[in-house]
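Peer 1: Before I ask anything, here is the structure I am working with.
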Amino acid sequence: MTGRLPRIVLLAGLLLAAALPVRAERFALLVGVNAYPDAPEIPALAGPENDVALMQGVLAGLWRDIAITTLTGPAARRAAILGALDDLARRAGPGDEVTVYLAGHGTQIPSRAEPDGFDELFLPADFSARRVGAELRISGHILDDELGAAFGRIVGAGARLWLIADLCHAGTIERGTPGAGAAQARFALLGLRPGMTLVDLNPPVAAGTGGAPGTLDPPAVAAGRFIGFHAAGEAAQSIELPLDGDRVHGLFTFELARALRAGGPMRFRELAGDTARGLLDWGQAAPAPLFSGALDSPVGAGAAGITLRAVDGALVADRGRLDGFAEGDVLAPVAPAAGRPAGRLRIVAAGLTESRVALVADDPPGDPAALPGLRFERVARGPVAPYRVALPDAPPSLLAPLRAAVEQARLPRPLALVRPGEPAELRLALTEAALEFHRDGAAAPYVLPRAASRWDEVSAAIAQIARADFLLDLVPELARSDPGRALDLRVTVTPCAPGAAPRRGGGAVDAPRMVVRDCDTVALEITNRGAVALDLSPFYLGPQGRIYYLRGYEGGDLFGLRLNAGETRAVRYTESLGPGDPVGDMVLLVLADIADTASPHPRDLRMLEGDLPAPDMLRDAAPGAALAAGAAALALRTER
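Residue 1 is where the sequence shown starts when you use full-length UniProt numbering, and the numbers rise one by one after that.
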């Protein structure tokens, strides 16, 4: 075996491809098969349908414009899967991005036509295997040649195809993970015994349908038209096990979803590396994945620009305060359609990740119906206070790259560089050994060693510190919104010291600060006193302005925290202070937005934890909800 549906990788790469055009649309087909009623000897799985729901939530959270088709349970039949792939080939065109996800059992059957002597199969829900005398009669399966032909038609239409396959074709030994529940391999034994004849009752596949097996056309891969992510490489198994409480997932899918959620802008090679590193943490239980194709192409490649959508008769742009946009900013079309004037837009209400816009009054009248189909860019900023960074006194040879690194930082507010003695939100200082970042009012600076640091790390540190300051500046305003007023926060600190009694408190950021020491356990209790469900994002803002997402709740590794009206939940973490870690004032911050109850997965803003652009999570919320974000915060202090 050469991996997850290995020949699909090879067959889909056969078609020659032109350069990848600008993305027009995104499509996804997600297939998950748990049970095989017509093949009772094949053990049922528990995870594929959960995996489909997981990937649906992750993909929809990353790209609000993606059109997702799911096939699970009895609906995941052979004809339905092949029909959905044909539909993708008809709908997708040049520049479109197509994701196909397959989860379930895979297997192999002998084939004289294949170089390795085997055909690889994916087993849909209507797969049947029956023994009749000395024959094993099978039907309902999908050959790798058939899938390869379907994928080739999608690539041939000019679209880019990302195949994710969480199934396997070799190995028979179940594996377990200590403390994680029993693991099950996603490989089906068909029971073909010596002397038996295999009878394939499926319609015959036309010769040459999938191209020449075992070959790969490098130009198609180099052009960025096919990417393959396979849960198991040669002689390995894809496995599933309980990962989210009692909820079973494929281990590969779980780690891929976690990498997608945390990754931000990246190339497929980086996403593959993050996924593989996550699997390594499971030790011998984890399969060895296989990644192939145009791995250096970007994940989610597409045209840059701001897009619009209509919400309750208003126009909403997919940028907000977390992207550095504010009231008064002016947007203009990147390439207006010929003969259809489209005036400039002004942001009239800026939310966290979206902003309500209106046509500039003194511009020529535009065509409002055409605006959601255009892309915009910012051409003027509104009156927003800048984020002032004071540069240190330094030789020109050092000051020039430092200035460039500061200017490259992605900030939520306009940057203003000032002299060392002028007022500033952040001051940089150079010592012989380090570059120090002094926040206004902070007890201790954030420090980067000069010998071991890169200029891009300087940009990342400034962006993170500025974002923390920006979030704290937003708290008073967001606390007055409906979601903000609905939040009630209480904290319990359980000291690590033997015999010490827990301490409980709560209140505003400027209330007296409870002290937290190394090894103490902190429980942040959040109550929704409002009338609607909220999706929450809990954060820890450290003394130096670093931002950490708090994952200490059920499902916290992958999803946000949904709190129904009247419900109370706790988020827990244990304080860890190493010898060199800073101590001082810190804040527990909860960002909230009205939940989209049509989605089973709570959305969150965990991407703020790193130096990443604002996520699209809240852009799929219920109509009008994206501008109604709220916040609440509690002030603590760390001490040794």
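Backbone N, C-alpha and C fix where the C-beta goes; we use that ideal spot for every residue, glycine too.
#1: Just reading off the alpha helix (DSSP H) that residue 268 is part of, what are its end residues?
#2: Contact between the segment 306-320 and the segment 562-580: three or more CB pairs below 8 Å?
#3: Verify whether the separation of the beta carbon atoms of residue 603 and residue 560 is less than 7 Å.
#4: Can you list, in chain order, the residues of its chain with a C-beta nearer than 6 Å to that of residue 141? Leave out the 5 residues immediately preceding and following it.
#5: Within a Cβ cutoff of 6 Å, which residues of the same chain sit near residue 52, ignoring the five residues on either side of it in sequence?
#6: Rank 441, 131 and 202 by C-alpha distance to the C-alpha of residue 139 and give the top, closest one.
#7: Would you list the residues sitting across from residue 584 in a DSSP beta bridge?
#8: Can you name, in chain order, every residue of its own chain whose Cβ lies under 8 Å from the Cβ of residue 272, other than the five neighbours on each side?
#9: For residue 34, which of helix, strand or coil comes out of DSSP?
#10: Find out if the Cβ-Cβ distance for the pair residue 74, residue 125 is shorter than 7 Å.
#11: Do three or more CB pairs link the segment 526-546 to the segment 439-456 at distances below 8 Å?
#12: So, at 7 Å on beta carbons, what are the nonlocal neighbours of residue 350 in its own chain, with the 5 sequence-adjacent residues on each side left out?
#13: If you draw a straight line from the alpha carbon of residue 671 to that of residue 435, how long is it in whole angstroms?
#14: Would you mind stating whether residue 311 and residue 268 have Cβ atoms separated by less than 7 Å?
#15: Answer yes if the segment 450-467 comes into contact with the segment 400-415, meaning at least three C-beta pairs across the two stretches below 8 Å, and no otherwise.
#16: Compute the Euclidean distance between the alpha carbons of residue 256 and residue 433, then round it to the nearest angstrom.
#17: For residue 39, count the other beta carbons within 10 Å of its own beta carbon; 16 or more makes it buried, fewer makes it exposed. Which is it?
#18: Does residue 586 come within less than 7 Å of chain B when only Cβ atoms are used?
#19: Suppose you measure from the CA of residue 306 to the CA of residue 130; what does that come to, to the nearest Å?
#20: Return yes when the Cβ of residue 414 is within less than 7 Å of the Cβ of residue 386, no when it is not.
#21: Taking only three categories from DSSP, how would you classify residue 253?
#22: Using 10 angstroms around the beta-carbon of residue 396, count the other beta-carbons present and answer buried if the total reaches 16, otherwise exposed.
#23: Could you spell out where the beta strand (DSSP E) holding residue 647 opens and where it closes?
#24: I think residue 469 touches residue 525, with their Cβ atoms under 8 Å apart; what is that distance to the nearest whole Å?
#25: Is residue 481 closer than 7 Å to residue 630 when the C-beta atoms are compared?
#26: Select from 639, 475, 577 and 352 the residue whose C-alpha is nearest the C-alpha of residue 515.
#27: Helix, strand or coil: how does DSSP classify residue 135 here?
#28: Does the beta-carbon of residue 576 have 16 or more other beta-carbons within 10 angstroms, so that it is buried, or is it exposed?
#29: Between residue 643 and the rest of its own chain, which residues show a CB-CB distance below 6 Å, the 5 nearest in sequence each way excluded?
#30: Where do the N-terminal and C-terminal ends of the alpha helix (DSSP H) with residue 455 fall, by residue?
#31: Verify whether the separation of the beta carbon atoms of residue 401 and residue 455 is less than 7 Å.
#32: Alpha carbons only, please: which of 584, 374 and 88 is nearest the one belonging to residue 441?
#33: With distances taken from CA atoms, which of 359, 388, 635 and 254 is nearest residue 505?
#34: Closer than 6 Å by C-beta to residue 98: which residues in its own chain qualify, once you throw out the five before and the five after it? Chain order, please.
#35: Is it the case that the Cβ atoms of residue 562 and residue 595 are separated by a distance below 7 Å?
#36: For the segment 396-457, list the beta strand (DSSP E) runs that are entirely contained and at least 3 residues long, ordered along the chain.
Peer 2: Reading off the structure:
#1: Reading the sequence shown from its first residue, position 268 is the one you call residue 268. That run of the alpha helix (DSSP H) goes 268-280.
#2: no
#3: Position 603 of the sequence shown, counted from the first residue, corresponds to residue 603. Position 560 of the sequence shown, counted from the first residue, corresponds to residue 560. Contact: yes.
#4: The residue given as residue 141 occupies position 141 in the sequence shown. 121, 123 and 127.
#5: As a first step, residue 52 must be located in the sequence shown, where it is residue number 52. Within the same chain, residue 52 has close Cβ partners 30, 32, 70 and 72.
#6: In the sequence shown, residue 139 corresponds to position 139, counting from 1. Of the listed residues, the one whose Cα sits closest to residue 139 is 202.
#7: Here residue 584 is taken as the residue at index 584 of the sequence shown, counted from 1. Looking at the DSSP assignment, residue 584 forms a beta bridge with 638.
#8: Taking the first residue of the sequence shown as 1, we reach residue 272 at position 272. If we look at residue 272 and ignore the five residues flanking it on each side, its Cβ neighbours are 229, 289, 291 and 295.
#9: Here residue 34 is taken as the residue at index 34 of the sequence shown, counted from 1. DSSP places residue 34 in coil when its eight states are reduced to three.
#10: Start at 1 with the first residue of the sequence shown, and residue 74 comes out as number 74. Start at 1 with the first residue of the sequence shown, and residue 125 comes out as number 125. Yes.
#11: yes
#12: Along the sequence shown, read from residue 1 onward, the residue named residue 350 stands at position 350. Closer than 7 Å at the Cβ level, and outside the excluded window around residue 350, lie 320, 321, 325, 326 and 327.
#13: No information on residue 671 is available, as it lies outside the stretch 1 to 640 that the chain covers here.
#14: By one-based count along the sequence shown, residue 311 stands at place 311. By one-based count along the sequence shown, residue 268 stands at place 268. Contact: no.
#15: Touching, per the Cβ criterion.
#16: Indexing the sequence shown from 1 puts residue 256 at position 256. Indexing the sequence shown from 1 puts residue 433 at position 433. Taking the straight line joining both Cα atoms gives about 39 Å.
#17: Here the question's residue 39 lines up with position 39 in the sequence shown. Result: buried.
#18: Here there is only one protein chain, and chain B is not present.
#19: Within the sequence shown, residue 306 is the residue found at index 306, counting from 1. Within the sequence shown, residue 130 is the residue found at index 130, counting from 1. Cα to Cα, residue 306 sits roughly 56 Å from residue 130.
#20: For the purposes of this step, residue 386 is taken as the residue at position 386 of the sequence shown. For the purposes of this step, residue 414 is taken as the residue at position 414 of the sequence shown. A contact, by the Cβ cut-off of 7 Å.
#21: Here residue 253 is taken as the residue at index 253 of the sequence shown, counted from 1. In this structure, residue 253 counts as helix in the three-state DSSP scheme.
#22: By one-based count along the sequence shown, residue 396 stands at place 396. An exposed status is given to residue 396, since fewer than 16 other beta-carbon atoms sit within 10 Å of its beta-carbon.
#23: With the chain covering 1 to 640 only, the question about residue 647 has no answer from this structure.
#24: Here residue 469 corresponds to residue number 469 of the sequence shown, with the count starting at 1. Here residue 525 corresponds to residue number 525 of the sequence shown, with the count starting at 1. 26 Å between Cβ atoms; not a contact.
#25: By 1-based counting over the sequence shown, the position of residue 630 is 630. By 1-based counting over the sequence shown, the position of residue 481 is 481. Yes.
#26: For the purposes of this step, residue 515 is taken as residue 515 along the sequence shown, with counting starting at 1. Nearest of 639, 475, 577 and 352 to residue 515, Cα basis: 639.
#27: Here the question's residue 135 lines up with position 135 in the sequence shown. The answer is strand: DSSP assigns residue 135 an E or B state.
#28: Residue numbering aside, residue 576 sits at position 576 when the sequence shown is read from its first letter. The residue is exposed, with fewer than 16 neighbouring Cβ atoms inside 10 Å.
#29: What the structure shows of the chain is the stretch from 1 to 640, and residue 643 is not part of that stretch, so it cannot be assessed.
#30: Sequence index remark: in the sequence shown, residue 455 carries index 455 (1-based). Residue 455 -> alpha helix (DSSP H) spans 455-479.
#31: Sequence index remark: in the sequence shown, residue 401 carries index 401 (1-based). Sequence index remark: in the sequence shown, residue 455 carries index 455 (1-based). In this structure, residue 455 lies closer than 7 Å to residue 401 by Cβ.
#32: If you number the sequence shown from 1, residue 441 lands on position 441. Out of 584, 374 and 88, 584 has the C-alpha closest to the C-alpha of residue 441.
#33: Counting from 1 along the sequence shown, the entry for residue 505 is found at position 505. The option with the nearest alpha carbon to residue 505 is 635.
#34: For this step, residue 98 is matched to residue 98 along the sequence shown. Excluding residues within five positions, the ones whose Cβ falls inside 6 Å are 27, 88, 92, 154, 159 and 161.
#35: Counting from 1 along the sequence shown, the entry for residue 562 is found at position 562. Counting from 1 along the sequence shown, the entry for residue 595 is found at position 595. It is a contact, given that the beta carbons lie within the stated cut-off.
#36: 415-418, 426-430, 434-439 and 446-449
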